[in-house]
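Asks: Following this message is one structure expressed as C-alpha cells.
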Amino acid sequence: MTTKEYETYYVPAQSHWPIVGAVALFFIALGAGKYVSMLESGESSWGGWMLLAGLAMCIYMVYGWFSNVIQESMSGKYSHQMDNSFKQGMSWFIFSEVMFFAAFFGALLYARVFSVPWLDGAGNNFMTGEVLWPEFTATWPLIKTPDGTETTAMGWYGLPLLNTILLLTSSVTAHFAHVALEQDKRKQLKVWLGLTILLGLTFLFFQVEEYAHGYSEEMKLYLDSGIYGNTFYMLTGFHGMHVTLGTIMLIAVFFRVLKGHFTPKNHFAFQAASWYWHFVDVVWVLLFFFVYII
Amino acid sequence: MTTDVIQDTDHQHDEHHDHKMTGLKRWLYTTNHKDIGSMYLWFSFIMFLVGGAMAMVIRAELFQPGLQIIEPDFFNQMTTVHGLIMVFGAIMPAFTGLANWMIPMMVGAPDMALPRLNNWSFWILPFAFSILLMSFFIGGGAPNFGWTFYAPLSTTYSNGSTAFFVFAVHIMGISSIMGAINIVVTIMNMRAPGMTYMKMPLFVWTFFITAYLLIAVMPVLAGTVTMVLTDTYFGTSFFDAAGGGDPVMFQHIFWFFGHPEVYIMILPAFGIVSTTIPAFSRKPLFGYSSMVYATASIAFLSFIVWAHHMFTTGMPLFGELFFMYCTMLIAVPTGVKVFNWVATMWRGAISFETPMLFSLAFVILFTIGGFSGLMLAMTPVDFQYHDTYFVVAHFHYVLVTGALFSIYAGAYYWLPKWTGYMYDDALSKWHFWCSLISVNLLFFPMHFLGLAGMPRRIPDYALQFADFNKWVSIGGFAFGLSQLIFLAVVIKCIKGGKKAEAKPWDGAEGLEWTVPSPAPYHTFEKPPKID
Ligand code: HEM
Ligand SMILES: [Cu+2]
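If you read the sequences in order, they're chains A and B.
This note's numbering applies: residue 1 is where the first sequence begins, and numbers increase by one.
This note's numbering applies: residue 1 is where the second sequence begins, and numbers increase by one.
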C-alpha cells in the first residue's frame with residue numbers, strides 16, 4: 001500500500017457559508033428582478049436596496065468561505081487528491097464560462113451571416129426585403145438598422161489594439177510569475193504578479209475610455225443601437241466583467257504571496273487565478289478578431 | 001511514514017463525527033452527500049406536487065370545450081410554470097439527488113469531491129423557485145410565454161414577469177452547473193483504487209456524461225435569458241428584426257440548449273434502468289461497453305439536432321434536411337440501448353418487484369415516446385404535427401413514463417438502502433398499477449388529438465375534440481392522485497417496516513450493497529478494494 005491510497009480525503013464538517021451564499025443570491029436575484037422591472041416606470045422600489053444588500057452579503061460570504069479554505073489549506077489538511085479536485089473543478093468552471101461566451105458569439109455570427117443579409121432579401125427572403133424595410137441595405141458593422149437607427153463602428157486600431165497588446169503581455173507576465181513561483185523566486189514572483197495586475201487595471205481603464213468614446217455624441221454607439229451595438233457592448237461588457245473578476249483574484253493572490261503563502265509544489269489558488277487570466281485573454285483575442293477586425 | 005498518515009487521518013475523522021449537528025442546522029449547514037441527496041429528492045417531490053397541481057388546473061379547464069374555470073392568460077401562466085417546474089424543479093433535482101446519494105457509494109468515495117459547494121448548489125434551488133412562484137403575486141402575473149419563452153412573447157409582449165423569470169433561471173443554471181462540476185470531479189478524481197472507468201456501474205457513466213452536457217449547455221441558457229432580459233428592458237434587439245436581430249435566432253440559441261437538455265433528463269434514466277433490469281433479471285447487463293458508447297454518441301448527437309424543433313420557421317432547405325437526418329440518427333444508439341435491455345432480460349430469472357415493474361414500463365413506454373419522436377423528426381410530416389397535442393404526447397411519454405418512471409424505479413430500488421426498511425410492497429404495487437393505467441389514459445389519446453389538429457397551449461378547443469379531452473382529464477386526475485400513494489409509501493418506509501438487509505435484492509450488484517442498510521452517515525472513509 002502506498003501512502004496515497006490511504007491518504008484520507010478531507011471532508012469539511014458543517015459550514016454555514018453556503019447558506020449565507022444562497023440567501024445572498026436570493027437577495028441579488030429578487031432585488032435585481034424588481035429593480036429591472038421598475039426601470040421603465042422610473043419609480044423607485046426596494047429592488048435596488050435588496051440587490052445591494054445581496055451583493056454585500058455575497059462579498060462577506062466569499063471572504064469568509066475562502067478564508068476557511070485557506071486556513072484548512074495552510075494547516076495541511078489537504079491531500080494531493082483534494083488539490084486535484086480543486087483543479088478539475090476550476091477547469092470545468094472555466095469551460096462553462098467559455099460556453100457562456102459562445103452563446104453571445106453565436107448571436108453575433110448568426111446576425112452577421114444570416115439575419116442581417118436576410119432582412120435585405122438574401123437567400124429565399126426576397127419578399128422579406130421588399131415588404132418589411134425596402135430601404136434597408138445590409139452592411140456589417142450594421143451602422144443603419146432596418147428601423148433607421150444610425151451609429152458608427154468602433155475601429156480596431158487605437159485603444160482596442162493597445163488593449164490587445166496589454167492583455168497579451170499580461171498573459172506572458174502571469175506565466176513568468178508562475179515560473180518564478182515554481183522556482184521559489186519570491187521576489188520575481190511579486191514583480192511579475194504585480195505587473196500582471198497593473199496591466200489588467202490599465203486594460204480596464206482603457207476599456208472605460210473606449211466606452212466613453214462610444215457613448216459620445218460623435219460616435220453615438222449605444223447598447224441599444226441595433227444588433228451591432230448590442231453584440232459589441234454585450235461581448236466586451238461581459239469580457240470586461242470577467243477581467244475585473246480576474247484582476248480581483250490576482251490581487252487576492254498577490255496579498256497571499258505577500259503573506260508568504262504558496263510553495264513551489266502547492267499553489268492551487270495561484271494557478272486558478274492564472275488559468276482564469278489566460279481564459280479572459282483568449283476570449284479577448286477572439287473578441288478582437290470577431291468584433292473589431294472582421 | 002505510512003502508519004503515521006493513517007493514524008493522523010483517523011483522528012481527524014473522529015473529530016467530525018462529533019460535529020454532527022441536529023435539528024435545522026444539520027440540514028442548513030450539512031456537507032454530507034446523503035443529507036444533500038435527501039434534500040434534493042424531497043425538494044423535487046414537493047416541486048412535483050406543486051407542478052402537478054398546476055397540471056390539474058390545466059386539465060380541469062380542458063375537461064370541457066369553452067372557457068370554464070380560468071382566464072386564458074392564467075391558463076398560459078399555468079402551462080408555463082408547470083413546464084418550468086417539472087423540468088428544472090422536479091426531474092433535474094431528482095436526478096441530482098440520486099447522483100448525490102449513490103455516486104460516492106458506487107465509486108467508493110467518502111463524499112462528493114466538493115462538499116460545501118454541494119450544499120450551496122442545493123440550497124440556492126428553493127430560492128430560485130420561490131422567486132419564480134413569487135412572480136404570481138408581484139407585477140403582472142407569472143410568466144405566461146411557455147416554458148420555451150420564445151421571443152417576442154417573452155420580450156415585447158411580456159406581462160412584466162420576465163425579469164423575475166430571468167433571474168430565477170440564472171440561479172437554477174448556477175445550481176445545475178455547480179452540481180454537474182461536482183459530479184464530474186467526483187467521478188474523475190474520487191474513484192476507489194482499481195475502479196477503472198470501464199468498471200464503473202453504468203449508472204455512474206450516464207451521470208458522468210449528463211454532467212458534461214449540463215456544463216456545456218446551461219451557460220448557453222444563461223446567455224439566452226440574458227439576451228431576453230436586455231431585449232425586454234435595455235433596448236437591445238437580438239430578437240427583433242427592426243434592429244437587425246431575428247426572433248428565429250432566439251429559437252436557435254434556446255434549442256441549442258434545449259435539445260441537450262431533454263437528454264439531460266433521459267440519460268440518467270437510462271442509467272437507472274440499466275441498474276435495475278440486470279438486478280431483477282439476475283443477469284449482468286448485456287453489452288456494457290456498447291451502452292457506454294451509445295450514451296456518449298447520444299450525447300454528442302444531441303448537439304447537432306436542435307433545429308428539429310424549428311422545422312416550421314422557414315429555415316433554408318439544407319438546414320431542414322441536415323437536422324432531419326441527424327435527428328433520425330439518434331434512433332440508432334437509442335435502439336442499441338433498448339435492444340440491450342431486452343437482451344438482458346432474455347432468459348433471465350425475472351422477478352417483478354416494484355422497481356422492476358417501473359423499469360419494464362419504462363422500456364415499453366419510453367420506446368413509444370421514441371417512436372413518436374421519430375415521426376416528429378420527419379420534416380414534411382412535422383409541418384402537420386408541430387405545435388399540436390401530438391408533440392405534447394411525445395414529450396410526456398419520454399418524460400413521464402420515461403424519466404419519471406425511472407426515478408420511481410430508482411427510488412424503490414434504493415429506498416431500503418436509504419431508510420433501512422423495506423417499503424410496503426402492496427401499496428407500492430397500487431402506486432405502480434394506478435400510475436400505469438392512468439398515465440396511458442392521460443397521454444395516449446393526446447396522439448389522436450394532435451393528429452386531428454388540436455393545437456397545444458390553448459385553453460379552449462373545437463367541439464370534435466371534446467370526448468378525448470374528457471378522458472384525458474380523467475386520466476390526469478387519476479394520475480395526480482396516484483402519486484400521493486408514493487408519498488404514503490415513502491413516509492411509511494421512513495417510519496419503519498420490515499428491516500432491510502444490507503443487500504435486499506439477491507441479484508443486485510455494486511458497492512452500495514456492501515455497506516449496511518440504512519447506509520451509515522459516512523461510508524468508504526477508506527476506499528474499498530476493487531478487483
Ligand atoms: C428518438 C429520440 C427522439 C426524437 C427523434 C425526438 C424528436 C423530437 C422532435 C422532432 C420534436 C419537435 C416536435 C415539434 O415541436 O414539432 C420533439 C419535441 C420534444 N421532445 Fe423529443 N425526440 C426524442 C426523444 C426525446 C426525449 C428522450 C425527450 C426527453 C426526455 C424528449 C423531449 C421532448 C420535448 C420536451 C419536446 C417538446 C419541446 C417543446 O416544444 O415544448 N424527446 N422531439
Ligand atoms: Cu429535441
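Beta carbons: idealized from backbone N, C-alpha and C, even for Gly.
Computed from a predicted structure; not experimentally measured.
1) Count the other C-beta atoms from every protein chain shown that fall within 10 angstroms of the C-beta of B:A393, then say buried if there are 16 or more, exposed otherwise.
2) Answer yes or no: the CB of B:H308 versus the heavy atoms of ligand 2, is any distance below 7 Å?
3) Do you know how far the Cα of A:A32 is from the Cα of B:G235?
4) Answer with buried or exposed for A:A273, where buried requires no fewer than 16 other C-beta atoms within 10 angstroms of its C-beta.
5) Per DSSP, which one or two residues make a beta bridge with A:E150?
6) Return the Cβ separation of B:F149 and B:V228 in integer angstroms, given the expectation that the two are a contact with Cβ distance under 8 Å.
7) Please identify the residue among A:G260, A:L132, A:F86, A:W118 whose C-alpha is closest to the C-alpha of A:A138.
8) For a contact defined as C-beta to C-beta under 8 Å, what are the partners of A:E116 on chain B?
9) Which residues mark the beginning and the end of the alpha helix (DSSP H) in which B:L449 is found?
10) Output, in sequence order along the chain, the residues in the region 218-237 of chain A whose CB is closer than 9 Å to any CB in chain B.
11) Comparing the CB of B:L329 with every heavy atom of ligand 1, is any distance shorter than 7 Å?
12) What does a CB cutoff of less than 7 Å around A:M234 pick up in its chain, not counting 5 residues either side in sequence?
13) Just checking my contact of B:V273 with B:S406 at CB under 8 Å: how many whole Å lie between their CB atoms?
14) Could you tell me which uninterrupted alpha helix (DSSP H) segments, each at least 4 residues in length, are contained entirely in the region 169-248 of chain B, listed from first to last along the chain?
15) Where does A:A174 land, buried or exposed, given buried means 16+ other C-beta within 10 angstroms?
16) Are B:A163 and B:D231 close, meaning C-beta to C-beta below 8 Å?
17) Determine the direct distance from the alpha carbon of A:A180 to that of B:F257, and round the result to whole angstroms.
18) Could you check whether the Cβ of A:I94 sits closer than 8 Å to any Cβ belonging to chain B?
19) Taking 7 Å as the line, does the beta carbon of B:F395 fall inside it for any heavy atom of ligand 1?
20) Does the Cβ-Cβ distance between B:M218 and B:G173 come in under 8 Å?
21) Whole angstroms are fine: how far does the CA of B:A403 sit from the CA of B:I58?
22) Is it right to say B:Y293 is buried, meaning 16 or more other beta carbons lie within 10 angstroms of its own, or is it exposed?
23) Is the beta carbon of B:S302 sitting closer than 8 Å to the one on B:P260?
24) Under three-state DSSP, which class holds A:F185?
25) Mind checking if B:G319 is an interface residue toward chain A, Cβ cutoff 8 Å exclusive?
26) Run through DSSP, which three-state label would B:K499 get?
27) Using CA coordinates, which residue listed in A:L250, A:V282, A:K259, A:L286 is at the minimum distance from A:Q271?
28) Residues in the same chain with beta-carbon distance under 7 Å from A:H239, minus the five sequence neighbours each way, listed in chain order, please.
29) Excluding the five sequence neighbours on either side, which residues of its own chain have a C-beta within less than 7 Å of the C-beta of A:L258, listed in chain order?
30) With a threshold of 6 Å on Cβ separation, who are the neighbours of B:D531 within its own chain once the five nearest residues in sequence on each side are excluded?
31) Which residues in the same chain as B:F48 place their Cβ atom closer than 6 Å to its Cβ, once the five residues preceding and following it in sequence are excluded?
32) Any C-beta of chain B sitting closer than 8 Å to the C-beta of A:Q183?
33) Between A:L162, A:G226, A:F86, which has its C-alpha nearest A:L199's C-alpha?
34) Where does B:E15 sit, in a helix, a strand or coil, going by DSSP?
35) Listing by chain order, which chain B residues have their CB less than 7 Å from the CB of A:S85?
Replies: Here's the rundown:
1) buried
2) yes
3) 17 Å
4) buried
5) A:K144
6) 7 Å between Cβ atoms; contact.
7) For the residues A:G260, A:L132, A:F86, A:W118, the minimum Cα distance to A:A138 belongs to A:W118.
8) Here residue 116 of chain A turns out to be Val, not Glu, going by the sequence shown. Neighbours of A:V116 on chain B, chain order: G244.
9) 425-451
10) Y222, L223, D224, S225, G226, I227, Y228, G229, N230, T231, Y233, M234
11) no
12) F104
13) 6 Å
14) 202-233
15) buried
16) The Cβ-Cβ distance between B:A163 and B:D231 does not fall below 8 Å.
17) Those two C-alpha atoms are separated by around 42 Å.
18) no
19) yes
20) yes
21) 21 Å
22) Burial call: exposed.
23) B:S302 is a Cβ neighbour of B:P260, given a cutoff of 8 Å.
24) In the sequence as displayed, the identity of residue 185 of chain A is Lys instead of Phe. Coil, per DSSP.
25) No, B:G319 does not count as interfacial toward chain A.
26) Here B:K499 carries a strand assignment [DSSP, helix/strand/coil].
27) A:L250
28) V280, V283, W284, L287
29) none
30) Nothing listed; no residue qualifies.
31) Take B:F48, set aside five residues on each side of it, and the residues of its chain with a beta-carbon closer than 6 Å to its own are A90, in chain order.
32) no
33) A:L162
34) Annotation note: pLDDT 41 at B:E15 (below 50); position unreliable, coordinate value reported separately. Helix.
35) A113, L114, V185, N189
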